[in-house]
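Sequence positions in the sequence shown follow this note's numbering and run 33 to 503.
Okay, structure first, notes after.
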Amino acid sequence: MKIDLPEKVSRIIREIEDAGFEAYAVGGCVRDFLLSREPKDWDITTDALPKDIKKIFRRTVDTGIAHGTVTVLLGKEQFEVTTFRIDGKYSDGRHPDKVEFTPNLEEDLKRRDFTINALAYNPEKGIIDLFGGMEDLKNKTIRAVGVPEERFGEDALRILRAFRFSAQLEFNIEEDTRKAASDLADTLKKISAERIRDELTKLLTSDHPEKFRELYDNGITAVIMPEFDESMEVVQNNPHHLYTVGVHILESLKYITKEKLEEYRDILPGYEEKKDDMIRLLRFTMLFHDLGKGSAKTTDSKGIDHFYGHADKSEEMTVEILKRLKSDNRSINLISGMVRYHDYRPESSKKTVRKTINKMGEEIFSLLFPVRYADIMAQSDHERKEKLDKEEALLKLYKEILEDGNCLSLKDMQIDGGTLIKEAGMKPGKELGEMLQFLLNRVLEEPQWNTRENLLMTAKERLIQQKNGTE
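As structure tokens, this is what we get:
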């Protein structure tokens with residue numbers, strides 16, 4: 033089978049071969065091409081040593097030269113070229129203690145994680161498949177190269193990678209590989225929080241985020257996110273629900289889709305540039321939105337379960353988990369904010385909606401529409417139509433507010449602190465901030481009041497009242 037390599041990848045392989053060495057495209061790029069997926073990166077493996085690559089190519093960077101990797105720069109593009117190698121013992125379950133360069137391609141391929149990632153390609157020699165990767169691609173199977181326990185023992189992150197690939201590619205995990213992953217789940221404690229977070233992100237942003245369930249079924253969340261395991265045991269005896277909390281969470285993930293998000297594009301600023309990141313934020317929000325229900329659960333005299341205050345508890349847990357995963361502050365703030373307000377539904381009046389937007393922030397308010405939709409669809413069908421109708425009415429109000437250009441925050445006001453200092457004689461400090469908030473509240477009540485003249489007049493009148501003690 034012929035692979036249509038990018039011109040610069042062909043050039044790198046050709047120039048390495050012209051210097052008397054072997055070279056192959058290898059790993060995920062070969063896999064993705066064979067699956068008709070767009071390869072993100074083209075990696076090259078060779079028997080040439082790093083010092084040889086640096087002689088062959090004029091512009092290189094020593095990316096990971098101790099492990100045999102040199103980055104070749106061609107124009108603005110970068111390509112990693114790595115020498116065939118044999119990995120030594122993995123004492124920490126993460127990195128080889130040492131690597132040994134080898135002239136043997138087979139030795140290099142057999143240290144890789146899964147058969148579908150152990151494929152190599154050379155324009156003259158075709159596809160090199162020494163471990164049945166082509167058959168596993170055909171059968172949609174994730175299978176470890178060689179002995180699964182050895183592969184996972186070398187790098188425990190491969191356990192998460194197996195389930196992530198399963199979700200991304202819609203493949204099944206071969207039984208021995210799955211069993212080894214489950215048996216060795218505890219070794220994930222050796223892996224850095226950042227690497228775990230990145231794998232979870234890739235799984236959750238795949239087309240099958242509900243496959244997060246497999247992490248639970250195989251004892252992996254018990255190690256990396258025990259809060260989720262607890263939620264799987266929380267029964268919801270309530271007419272609005274038909275699943276345990278954990279299963280409800282898994283179901284809700286399925287309703288955060290790119291197609292559904294497209295329906296809200298008019299209210300999502302920067303949608304085209306940010307839609308992939310929005311999916312990430314929304315999927316994590318759904319994963320965390322009800323985690324606090326276990327500690328908030330009460331049962332009334334009729335045997336009906338209630339979860340008063342669960343959103344606040346879920347927010348606390350969200351912040352704790354995201355900090356544990358070393359997430360960035362923006363993600364923590366947005367996800368925890370959506371979790372905090374996911375169950376909050378304002379009255380259907382423009383005044384109330386404007387105040388709610390100001391309270392939450394426009395980004396969180398707008399993203400909560402797909403959150404609430406997913407939450408409703410993952411519940412029982414009890415009053416579902418009424419809930420969705422209310423959402424539609426709220427969305428209509430919000431669109432009208434946006435079309436009217438209503439002031440929704442301090443930045444939208446036709447007056448600022450500098451104007452109050454210059455023309456109302458105010459001084460920087462707490463009182464100035466309180467005055468701006470007072471004026472904003474007035475504008476949220478009456479949008480037409482948002483003119484420089486009105487606001488300055490109102491500020492001066494309030495200052496006189498405060499001075500006279502008549503406010």
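Glycine is no exception: its CB is placed at the ideal position from the N, C-alpha and C atoms.
Asked, Found
"Out of 106, 141, 108, which one is the CA nearest neighbour of residue 114?", "141"
"Relative to the C-alpha of residue 389, which residue among 487, 430, 245 is closest?", "430"
"Hey, out of 268, 386, 217, whose CA is closest to residue 339's CA?", "268"
"With H, G and I counted as helix, E and B as strand and the rest as coil, what does DSSP make of residue 303?", "helix"
"Mind checking residue 209: buried by the 16 CB within 10 Å criterion, or exposed?", "buried"
"Looking at residue 62 and residue 152, is the spacing between their C-beta atoms short of 8 angstroms?", "yes"
"Can you look up residue 291 in the DSSP assignment and give me helix, strand or coil?", "helix"
"So, under 8 angstroms CB-CB, residue 343 and residue 374 are touching, yes? Tell me the CB distance rounded to an integer number of Å.", "6 angstroms"
"Spatial neighbours of residue 161 within its chain, please: CB distance less than 7 angstroms, with the 5 preceding and 5 following residues excluded, ordered by chain position.", "151"
"So, helix, strand or coil for residue 390, using DSSP?", "helix"
"Would you mind giving the Cβ-Cβ distance between residue 285 and residue 241, rounded to the nearest angstrom? I have them listed as a contact below 8 angstroms.", "4 angstroms"
"So, is residue 380 buried or exposed, given that buried needs 16 or more other C-beta atoms within 10 angstroms?", "exposed"
"Assign residue 136 to buried or exposed, taking buried as 16 or more other Cβ atoms, counted over all protein chains shown, within 10 Å of its Cβ.", "exposed"
"Per DSSP, residue 110 forms a beta bridge with which residues?", "105"
"Tell me residue 131's beta-bridge partners as DSSP assigns them.", "119"
"Report the partner residues of residue 57 according to the DSSP bridge assignment.", "76, 153"
"Could you tell me which uninterrupted alpha helix (DSSP H) segments, each at least 4 residues in length, are contained entirely in the segment 195-275, listed from first to last along the chain?", "207-215, 225-236, 244-249, 253-256, 258-264"
"Is the segment 80-88 touching the segment 48-57 in the sense that three or more CB pairs, one from each, lie closer than 8 angstroms?", "yes"
"In the DSSP assignment, find the alpha helix (DSSP H) that holds residue 351 and state where it starts and stops.", "342-356"
"Alpha carbon to alpha carbon, how far is residue 220 from residue 226?", "12 angstroms"
"So for residue 338, helix, strand or coil by DSSP?", "strand"
"Where does residue 96 fall in DSSP's three states?", "strand"
"Hey, quick one: how far does the beta strand (DSSP E) through residue 510 stretch, first residue to last?", "This structure cannot speak to residue 510, because the chain is shown only from 33 to 503."
"Based on Cα-Cα distance, which residue from 438, 398, 236 lies nearest to residue 377?", "398"
"Whole-angstrom Cβ separation of residue 177 and residue 163, contact assumed at under 8 angstroms?", "5 angstroms"
"Mind checking who residue 174 pairs with in its DSSP beta bridge?", "205"
"Within 10 angstroms of the Cβ of residue 414, are there 16 or more other Cβ atoms? Answer buried if so, exposed if not.", "exposed"
"From the DSSP output, read off the bridge partner residues of residue 490.", "Answer is none; residue 490 lacks a bridge partner."
"Among 91, 66, 95, whose alpha-carbon lies nearest the alpha-carbon of residue 108?", "91"
"For chain D, find out if any of its Cβ atoms is closer than 8 angstroms to the Cβ of residue 249; answer yes or no.", "The structure shown contains no chain D; it holds only a single protein chain."
"Measure the Cβ-Cβ separation of residue 408 and residue 420 and say whether it is below 8 angstroms.", "yes"
"What does the alpha-carbon distance come out to for the pair residue 166 and residue 148?", "7 angstroms"
"Based on the DSSP output, what are the partners of residue 330 in its beta bridges?", "338"
"Ordered along the chain, which non-local residues of its own chain (more than five positions away) have a Cβ less than 7 angstroms from that of residue 412?", "271, 272, 273, 274"
"Within the same chain, show all residues whose beta-carbon is closer than 8 angstroms to that of residue 422, passing over the 5 residues directly before and after it, in chain order.", "377, 380"
"Using CA atoms only, rank isn't needed, just tell me which of 185, 362, 384 is closest to residue 396.", "362"
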